[in-house]
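Worksheet for the structure shown next.
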Amino acid sequence: MSRTRCIALIAHDQKKDDLADFARRHQAKLMNWRIVATGTTGGRIKDAVPELDVTRLKSGPLGGDQQIGALISTGEVDMLVFFVDPLTPMPHDVDVKALMRLATVYDIPMALNLATADILMQTLTA
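Quick note, the numbering used here runs 1 ahead of the 1-based positions in the sequence shown.
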């Protein structure tokens, strides 16, 4: 029996609107995925696309990044879309780096910007 593929969606504060727009544009494909997101980001996605089933975890700085990292390490997340803001200092930068490290270690597709995320979505069947 196959499980539903899971995508993790995360965005830094200055990129949350971009990720909500991304989810809106790719709604048809995302409907076929289990979606997990950090708290505030998940709320923004739900506001933008209420039809998507989004599981909201804790806010990134409060442990949400680590929760998603745990899901990656247990094989429950198949793809990571993390819109990072490279120009704003992050107090939880260590958590962010650890999350990207796990995505690399477990060899899951990871997009850190809109251009790469759009390419990943093009490779998926609806």
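Beta carbons: idealized from backbone N, C-alpha and C, even for Gly.
- Fewer than three pairs of CB atoms, one per stretch, sit closer than 8 Å, so the stretch 30-37 makes no contact with the stretch 90-107.
- Remark: C-beta atoms of ILE69 and ILE11 approach each other more closely than 8 Å.
- Of THR105, LYS17, VAL78, THR41, the smallest CA-CA separation from ARG35 is found for VAL78.
- Separation of VAL55 and ALA21 (C-alpha to C-alpha, rounded to the nearest whole angstrom) is 12 Å.
- Looking at ALA38, ALA71, ILE46, SER74, the one whose alpha-carbon comes closest to that of ARG57 is ALA38.
- Restricting attention to LYS17, TYR107, MET122, ALA112, the CA atom closest to the CA of ASP48 is found in LYS17.
- Between the C-alpha atoms of ASP119 and ALA9 there is a straight-line separation of about 15 Å.
- Counting only the Cα atoms, ALA24 lies some 7 Å from ILE46.
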